[in-house]
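For reference, the structure discussed in these notes is given below.
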Amino acid sequence: MIVTRDFVFLHLHKSGGTFVNQFLLRHFPDAEFVGYHLPRAYLPRACAGRPIFGLVRNPWDYYVSWYAFQAGKPAPNPLFLAASEHGRLGFSDTVRNLAGLGLDAERCARVAAALPEEFPNRGINLTRRCLGTLAGSPLGFYSWLYQRMYGDVAGVTIGRMETLREDLARFLATIGVPLDGARAEYLARQPPLNASSHAPYASLYDDGLRDFVAAKDAPVITRHGYAFGAAVESG
């Protein structure tokens with residue numbers, strides 16, 4: 000979460016937020032970093048009423064990006080270790096386990112036990128208490144992250160990662176924040192940041208996993224008009 004005098008940015012996990020974080024911290028002198036991946040519920044009282052901007056991405060693409068990023072790390076996080084059975088499972092089974100984590104009580108408990116009591120302010124930045132709201136939920140993991148981040152969505156302008164630059168520029172124009180000089184240059188020329196290296200996401204899904212994610216993450220897919228196979232900006 001980053002707050003400025005004019006608005007607030009909420010950073011949903013692996014949805015283009017690093018690009019926006021850097022933009023704000025470089026080009027908005029009053030930008031203040033409040034906490035990594037902190038949801039709307041943690042908004043400082045002094046910022047209540049300010050416009051809020053957030054991002055979302057295609058859920059099928061999210062799971063590929065998450066898997067590629069974690070599988071390439073020497074020390075993956077507890078979510079990946081539990082979903083992949085410590086790396087023994089491949090992409091399809093690992094993503095199925097993550098997307099269905101809320102209804103897998105044993106696996107969910109394993110993840111919770113490995114999470115810290117307090118926010119570490121790095122990585123996905125979840126605590127044991129956070130995961131308690133996932134346990135028993137039928138939502139896909141990404142839809143749960145989305146709901147946790149934005150709440151009922153009222154009062155939040157949510158741009159799509161796939162059109163991040165245009166959506167961010169439109170939001171700033173709407174609230175009267177100028178986009179000129181170095182700000183405009185950044186939006187026009189800065190490459191994507193923190194992007195995972197992987198094949199086109201659609202090539203990694205079989206029909207069963209495609210449909211499983213479609214069902215689990217239907218709230219995000221429907222609200223934002225996503226479709227399987229749609230082109231995306233790398234991330």
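Taking numbering that gives the first Met the number 0, the leading residue of the sequence shown gets 0, the next gets one more, and so forth.
From the three backbone atoms N, C-alpha and C, an ideal C-beta is built for every residue, glycine too.
Could you say which of the options lies nearest to residue i if we only look at CA atoms?
| i | options | result |
| --- | --- | --- |
| Tyr41 | Ala153, Tyr149, Leu133 and Tyr141 | Tyr149 |
| Leu9 | Ile51, Ala30 and Arg128 | Ile51 |
| Tyr62 | Thr221, Asp5 and Lys13 | Lys13 |
| Arg4 | Thr132, Ala183, Cys129 and Gly175 | Gly175 |
| Ala108 | Leu80, Leu54, Arg87 and Ala153 | Leu80 |
| Val94 | Tyr145, Val212, Phe6 and Ile220 | Val212 |
| Pro75 | Asp103, Pro58 and Ala113 | Ala113 |
| Tyr200 | Leu23, Asp60 and Val219 | Asp60 |
| Arg44 | Val7, Leu54 and Val55 | Val7 |
| Ala181 | Val19, Leu78, His223 and His26 | His26 |
| Glu161 | Phe140, Ala226, Tyr35 and Ser202 | Ala226 |
| Ser136 | Thr156, Gly154, Asp103 and Ile157 | Asp103 |
| Asn57 | Asn20, Phe140, Ala47 and Asp179 | Phe140 |
| Ala143 | Cys129, Ala153, Thr156 and Asp179 | Per the sequence shown, residue 143 should be read as Trp rather than Ala. Ranking Cys129, Ala153, Thr156 and Asp179 by Cα distance to Trp143 puts Cys129 first. |
| Leu138 | Asn193, Val219 and Phe68 | Val219 |
| Lys215 | Gly48, His197 and Gly99 | Gly99 |
| Ala67 | Leu203, Asp210 and Gly228 | Leu203 |
| Gly224 | Arg159, Ser195 and Asp179 | Arg159 |
| Leu24 | Pro115, Val2 and Ala111 | Val2 |
| Phe170 | Ala153, Phe118 and Gly53 | Gly53 |
| Glu184 | Phe22, Leu78 and Leu11 | Phe22 |
On the DSSP bridge list, what partners appear for residue i?
| i | result |
| --- | --- |
| Phe32 | Ile1 |
| Val55 | Arg159 |
| Phe8 | Ile1 and Phe52 |
Could you check what DSSP says for residue i in three-state terms: helix, strand or coil?
| i | result |
| --- | --- |
| Gly234 | Low local confidence applies: a pLDDT of 46 at Gly234 is under 50, so the model's placement there is unreliable, with the coordinate-based value given in what follows. DSSP places Gly234 in coil when its eight states are reduced to three. |
| Gly48 | coil |
| Leu138 | coil |
| Leu133 | coil |
| Phe118 | coil |
| Phe18 | helix |
| Ala226 | coil |
| Lys13 | coil |
| Leu23 | helix |
| Gly99 | coil |
I believe residue i touches residue j by the beta-carbon criterion, under 8 Å. Please report the beta-carbon distance rounded to the nearest angstrom.
| i | j | result |
| --- | --- | --- |
| Ser91 | Asp205 | 6 Å |
| Thr132 | Arg147 | 7 Å |
| Leu163 | Gly34 | Not really, about 21 Å apart at Cβ, beyond 8 Å. |
At the 9 Å Cβ level, is residue i part of the contact set with chain C, yes or no?
| i | result |
| --- | --- |
| Gly175 | The chain labelled as chain C is not found in the depicted structure, where only one protein chain is given. |
Legend entry - Contained alpha helix (DSSP H) runs [length at least 4] in the region 143-223, N- to C-terminal order: Taken in chain order, the whole alpha helix (DSSP H) runs of length 4 or more contained in the region 143-223 are 163-173, 181-188, 206-215 and 217-223.
Legend entry - Those runs of the alpha helix (DSSP H) which lie wholly inside the region 59-95 and span at least 4 residues: 77-82
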